[in-house]
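To keep things clear, I will list the structure first and then write my remarks on it.
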Amino acid sequence: MGLLDGKVAIITGAGGGIGRAHALLFAKEGAKVVVNDLGGDRAGGGKGAELADKVVAEIKAAGGDAVSNYDSVATREGGDGLLWSALAKFGRADILVNNAGVLRDRTMLNMSDADWDIVFNVHMKGTFYATQAVARHLKTQGKGGRIINTTSVSGLMGNIGQANYSAAKAGIYGFTRTVSMELARYKITCNAIAPVAYTRLTEDLAMIKAMGDVGKEMLAPEHIAPVALFLASDLSADINGAIVGVQGAQVSVYRMTQTSGVAPKAGGEWTAQELRERWAEISK
Ligand code: NAI
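Right, here's the structure in full:
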């Protein structure tokens, strides 16, 4: 008995890194998997069938069932195409993991429109298009469902050199929260993972490089996949709108916090001077 027996899962960007680990584990747990990958480089250039096909072959060699899809999630047609692959091959869809991603790191001062647009389109619009297509189907199917998005500590906390990426990933945070509220009535949950893993996206980061082979082991994408499996399974029916951090073996939950708030002493309007004087109290 697998945790995902009888389910069909669509996983975007599943041709490598974290998405591949999700796909292999989901298939091992009984899911039929749509392995989506555009097959380009990490900056969003090029495309090809090889990445997705290789993962499908791995799944089949292990006795599972999967189909390739090469659509770009960054277009509405691509989002619809994901769903059609699932319906055409397997007759249904139950789980969507929005995982595809690219990076174009630049400081905000040096950011071009092209660097902004490609990152925003793949992460933010890609998540929207796929979620809308699949959620409409899930609603009609009437059996609930699971949507798992991929955000980042860069979006939740900020990171120098990633204004485009952090804006998109913070957008995915807000999107996850709202979608979780809107779809709850259909028993469709929407959660997000904020991973840290050694993949082609992160292999040249100084922190990761400094860890050497230990880092490859400690931050293997296979650590992220069990969290995606949990959120995709019936075990997490009561978990909705959560942002789950996964860094190696460490799992945590991110929350937006607000301080308790204070009112001006005179009872009227704040003055800029009083805000200055009481900033420590306001922000505590
Ligand atoms: P990766 O580069 O190995 O995987 C991303 C996959 O998405 C690639 O196989 C790529 O071909 C595919 N892809 C890119 N554009 C696409 C498009 N338009 N349509 C369909 N597929 C497309 O990188 P990794 O690290 O596995 O990233 C997976 C997700 O995790 C991304 O959303 C990334 O932003 C996120 N993430 C990763 C972190 C890490 O530490 N590796 C940290 C925080 C977030």
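Take 150 as the starting number for the sequence shown in the numbering used here and just add one per residue. All C-beta atoms in this analysis are idealised placements derived from N, C-alpha and C, irrespective of residue type, glycine included.
Going along the chain, which residues of its own chain have a beta-carbon closer than 7 Å to the beta-carbon of Met260, five neighbours each way excluded? Ala312, Asn313
Euclidean distance between Cα positions of Thr161 and Leu232: 11 Å
Can you tell me whether Lys414 is buried or exposed? The criterion is at least 16 other CB atoms within 10 Å of its CB, across all chains shown. Counting Cβ neighbours within 10 Å, Lys414 comes out exposed, since fewer than 16 surround it.
Check each candidate in Asp262, Tyr403, Ala429, Gly197 and name the one with the smallest Cα separation from Ser303. Tyr403
Can you tell me where the beta strand (DSSP E) holding Val182 begins and where it ends? 181-185
Is any heavy atom of the ligand NAI found at a distance shorter than 7 Å from the C-beta of Ser261? no
Would Ile342 and Ile373 qualify as a contact pair, given that the criterion is a beta-carbon distance under 8 Å? For Ile342 and Ile373, yes; Cβs fall inside 8 Å.
Arg326 and Gly390: beta carbons closer than 8 Å? If you check the CB distance, Arg326 and Gly390 come in under 8 Å.
Quick one: grab the DSSP three-state call for Gly320. helix
Would Glu178 be called buried (16 or more neighbouring beta carbons within 10 Å of its own) or exposed? buried
Can Thr351 and Gly310 be called in contact, C-beta distance under 8 Å? no
Per DSSP, which one or two residues make a beta bridge with Gln396? In DSSP, Gln396 forms a bridge with Val345, Gln399.
Out of Val216, Ala206, Thr300, Phe239, state which residue places its alpha-carbon closest to the alpha-carbon of Val345. Thr300
Alpha carbon of Ile337 to alpha carbon of Ser329, nearest angstrom: Between Ile337 and Ser329, the C-alpha separation is close to 8 Å.
Quick check: is any heavy atom of the ligand NAI less than 7 Å from the C-beta of His272? Yes - the ligand NAI has a heavy atom lying nearer than 7 Å to the Cβ of His272.
Distance between Ala198 and Tyr278 (C-alpha atoms, nearest Å): 21 Å
Applying the 10 Å Cβ sphere with the 16-neighbour rule, what's the burial state of Thr280? buried
Is the CB-CB distance between Ala192 and Leu252 below 8 Å? Yes, the Cβ-Cβ distance between Ala192 and Leu252 is below 8 Å.
Can you find the residues in the same chain that come closer than 7 Å, C-beta to C-beta, to Gly195, ignoring five residues on each side of it along the sequence? Gly189
Report all residues from its chain with a CB closer than 6 Å to the CB of Lys181; omit the five preceding and five following residues, and keep chain order. Val157, Asp214, Phe239
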